[in-house]
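Everything on this sheet refers to the single structure shown next.
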Amino acid sequence: MAKKISLRDFQTHLAARLAGASTQTAAGLLGIQAGNEYWLLNLSDSGEIVPLTPLTNVPLTRPWFAGIANIRGNLYAVADFSGFQGKDATPQNTSSRLLLIGSRHGSNAALLVTRMLGLRNIEALRAEPADPDAPAWATEAYTDNEGRHWKKLNVRELLADESFMAIGA
275 MAKKISLRDF QTHLAARLAG ASTQTAAGLL GIQAGNEYWL LNLSDSGEIV PLTPLTNVPL
335 TRPWFAGIAN IRGNLYAVAD FSGFQGKDAT PQNTSSRLLL IGSRHGSNAA LLVTRMLGLR
395 NIEALRAEPA DPDAPAWATE AYTDNEGRHW KKLNVRELLA DESFMAIGA
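Numbering-wise (my numbering), the sequence shown opens with residue 275 and increments by one.
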């Protein structure tokens, strides 16, 4: 027979578990690879991760604009994140992913990335000096214990960047 507990005890236990979960999430970041670069995003900004679906090409757009994706009946504007930064285009293969970043901010935007690298803990990274030439959406940088350099993507700033929103050629 299951042990009976009072409602107050249950609520106290649940509140303690939720508080623990929120502190774990605050320390967690999502790691992605775009081209040869490693990026971090806050979990709250990362949105949904979906396998690469067929993209519909859009004429007269910038080369880094990968196209339009239909995800469960919703259309998403897909930007090749590596290409947007002036690097090589992201290969569209089985490890490529779409990161739906705009939903939380009222935009159906997605980033085409090379691959997902999983969760990272900010406490395991060393902060690097800020690059004064970095765009507003990439001002934070870190190094991990393996010597890899990571940049932190500020999704809100990226979505507000005029060059990111101007997809017309």
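For each residue, glycine too, the CB sits at the ideal point set by N, CA and C.
query	result
Collapsed DSSP secondary structure at D319 in the structure displayed	helix
Burial state of N428 (16 or more Cβ within 10 Å)	buried
Extent of the continuous beta strand (DSSP E) to which R260 belongs	As shown, the chain starts at 275 and ends at 443. That puts residue 260 outside it, with no answer to give.
A308 versus A415 - alpha carbon distance	15 Å
Distance, M439 Cα to E431 Cα	11 Å
Segment limits, alpha helix (DSSP H) that includes V429	429-434
Per DSSP, the bridge partner or partners of M439	DSSP lists no partner for M439.
Assumed close pair Y312, G305 - CB separation to whole angstroms, cut-off 8 Å	6 Å
Closest Cα partner of H423 within the set A410, T286, G376, D405	D405
Buried/exposed call for V315, threshold 16 Cβ in 10 Å	Note that residue 315 is Leu in the sequence shown here, rather than Val. Counting Cβ neighbours within 10 Å, L315 comes out buried, since at least 16 surround it.
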